[in-house]
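Enquirer:
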Amino acid sequence: MELRARNRDWLTPWDATNPHPGGGLPSFRQMVRGLNEQARAGAALPFAITERDDDGVTRLAGQLTVSNILWGSAMMATAGYWVDQARAGRGIVPTALAMATDHCFKVLGLHRMEINIRPENAPSLRVAEKLGFRDEGLRVRYLHIDGEWADHRSFAVTADEVPEGLLGRLGR
342 MELRARNRDW LTPWDATNPH PGGGLPSFRQ MVRGLNEQAR AGAALPFAIT ERDDDGVTRL
402 AGQLTVSNIL WGSAMMATAG YWVDQARAGR GIVPTALAMA TDHCFKVLGL HRMEINIRPE
462 NAPSLRVAEK LGFRDEGLRV RYLHIDGEWA DHRSFAVTAD EVPEGLLGRL GR
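At position 116 of the sequence shown the residue is numbered 457 (my numbering), and the sequence of numbers has no breaks.
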């Protein structure tokens, strides 16, 4: 909660909001409980992004959630993430997203991973570019973000496009 509070200004332009007048978002505890329920149901995978500092201490650096996991003929999911502003630009998010995507492809057997990014979010657009996610176009008024319906660019990669895995691609 301290990390999120410290990063409020950095994250607010990208954070989901409730489109219903006067509607709020779940508390941190409610969010964790909901993510745990979704994980048990096989619909989401919540991950903490950590980084080891110079003293060897592992600290929370952000969060990545694989959500909207669809089984059956779709075999796909959507990833979303955030990172501490003080740690942005260090390759933490591309590495975390590559690891999560590789897990989804190689362990769960999913076929497709999507990420949806606000067009003005240059750092996240760079993540998609670094990992070679394919730009599939604009989703008009896709998600309610920072108090309004916001356009997003949709990016995807499929398992057959990265047989060596995204972490392997990132390492090259």
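Virtual Cβ for every residue (Gly too), placed ideally from N, Cα, C.
A quick note: this is a predicted structure, and the numbers were derived from the prediction, not measured.
If we count the other Cβ atoms within 10 Å of its Cβ and call it buried at 16 or more, is LEU366 buried or exposed?
Expert: exposed
Enquirer: Can you name, in chain order, every residue of its own chain whose Cβ lies under 7 Å from the Cβ of PRO460, other than the five neighbours on each side?
Expert: ASP492, ARG494
Enquirer: Please report the residue range of the beta strand (DSSP E) in which ASP350 lies.
Expert: Run containing ASP350: none in the beta strand (DSSP E); it sits in the alpha helix (DSSP H), 349-352.
Enquirer: Identify every residue that forms a DSSP beta bridge with ARG475.
Expert: ALA497
Enquirer: Just to confirm, is the Cβ distance from ASN462 to GLY421 under 9 Å?
Expert: no
Enquirer: I'd like the ranges of any alpha helix (DSSP H) spanning at least 4 consecutive residues and lying wholly in the segment 359-408.
Expert: Qualifying alpha helix (DSSP H) stretches, in chain order: 369-381.
Enquirer: Using DSSP's beta-bridge definition, name the partner residues of ALA491.
Expert: Looking at the DSSP assignment, ALA491 forms a beta bridge with LEU484.
Enquirer: What separation, rounded to the nearest whole angstrom, lies between the Cα atoms of PHE388 and ILE433?
Expert: 13 Å
Enquirer: State whether the segment 346-358 contacts the segment 474-482, with contact taken as three or more CB pairs (one from each stretch) at a distance under 8 Å.
Expert: no
Enquirer: Skipping 5 residues on each side, what residues in its chain have a beta carbon closer than 7 Å to that of VAL407?
Expert: ALA385, LEU386, ALA418, ALA420, ALA441, CYS445
Enquirer: If you run the structure through DSSP and keep just helix, strand and coil, what is VAL434?
Expert: helix
Enquirer: If you drop the 5 nearest sequence neighbours on each side, which residues of the same chain put their C-beta closer than 8 Å to that of ARG510?
Expert: Setting aside the 5 residues that flank it on each side, ARG510 is surrounded in the same chain by ALA439, LEU472, GLY473, VAL503, each with a C-beta closer than 8 Å to its C-beta; the list follows chain order.
Enquirer: By Cβ distance, which residues of its chain are closer than 7 Å to ASP356, with the 5 residues on each side in sequence left out?
Expert: These residues qualify, in order along the chain: ILE486, ASP487.
Enquirer: According to DSSP, is GLY506 part of a helix, a strand, or is it coil?
Expert: coil
Enquirer: Quick check: the Cα distance between HIS452 and THR358, rounded to an integer number of angstroms?
Expert: Roughly 29 Å between the two C-alpha positions.
Enquirer: Around the C-beta of THR353, are 16 or more other C-beta atoms found within 10 angstroms, so that it is buried, or is it exposed?
Expert: exposed
Enquirer: At the level of alpha carbons, what is the spacing between ASN409 and TYR483?
Expert: 15 Å
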